[in-house]
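J.: Numbering (this note's numbering), first residue to last: 750 to 1035. Just so you know, even glycine gets a beta-carbon here, dropped at the ideal spot from N, CA and C. Quick caveat: nothing in here was measured; it's all calculated off a predicted structure.
(1) Please classify residue 1009 as buried or exposed, where buried requires at least 16 other C-beta atoms within 10 Å of its C-beta.
(2) Could you work out which residue in 871, 1000, 1002 is closest to residue 851 when comparing CA atoms only?
(3) Using CA coordinates, which residue listed in 780, 984, 765 is at the minimum distance from residue 772?
(4) Where do the ends of the beta strand (DSSP E) carrying residue 962 lie?
(5) Quick check on this structure: which residue in 877, 903, 930 has the alpha carbon closest to the alpha carbon of residue 915?
(6) Which of the three DSSP states is assigned to residue 1045 in this structure?
(7) Using a beta-carbon distance below 8 angstroms, is residue 824 in contact with chain D?
(8) Quick one: residues in its chain with C-beta nearer than 7 angstroms to the C-beta of residue 998, no 5 flanking neighbours on either side, listed in chain order?
(9) Taking just the CA atoms, how far does residue 972 sit from residue 962?
(10) Could you give the C-beta distance for residue 945 and residue 767, rounded to a whole number, given that I count them as a contact under 8 angstroms?
(11) Quick check: the Cα distance between residue 989 and residue 960, rounded to an integer number of angstroms?
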């Protein structure tokens, strides 16, 4: 693996995801992080969406602040546990604020909530957004190169993705992965089904292996055995973990872009250093 500057990819589309901060201190930190990442000139900053009322308000605050700073904001919007009227109100609020892009997701049912919602699947949400707002929003949806952990079969998951596109999705962002072949195989299978929207790889920088392992086990993303063994061998050596993680993810991105991926979507975890370091390796403008 190389640690030198890789082939420049300054023309590739880039986007970066945040989660809404929980405290005033977190909000201040995120402003600083955004300022640092803005030098990369991302196409948009996305903000994740919580199903609870207070979490939703934090999402709105972050989204509107990003928009006011002159960047394009792409709020996540999930339908599980919600009603058409509530989703309509959110859409109207975003339209009034000049938001033009939405990441439409099914979402996870909040703990202790028994109501699954009036819209049960992401394709129904996409269809509802199109019915309510026409072509106002560019709609992103989720894709799973290693298949959704709740899908009965890979074919079921592919057909679920196809339904989202047929309902009106413009493009997709994938769950993060570390196996290039998984993405390429998924992209080829989608093309074989006539699904030809841009599928942007989701990239998770690696800063802490223990956190990555817990998160991956929970969401069904695979950490290849060779990577896992290497990280485990570093023990508590955080510098070696970060250096190896930077090498692994930079090379992953380079291979994806060389194979024709339309861009990269970084799961920043509200931090800037790892994403900036990877983009510097790739020669992405900044």
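T.: In short, the structure shows the following:
(1) exposed
(2) 871
(3) 780
(4) Taken as a continuous stretch (DSSP letters only), residue 962 belongs to no beta strand (DSSP E), being part of the alpha helix (DSSP H) at 958-968.
(5) When only C-alpha atoms are compared, the closest one is 877.
(6) Outside the displayed range of the chain (750 to 1035) lies residue 1045, so it cannot be described from this structure.
(7) Structure shown: chain D not included; a single protein chain is present.
(8) 952, 954, 955, 1027
(9) 8 angstroms
(10) With a Cβ gap of about 29 angstroms, residue 945 and residue 767 do not count as contacting.
(11) Cα to Cα, residue 989 sits roughly 15 angstroms from residue 960.
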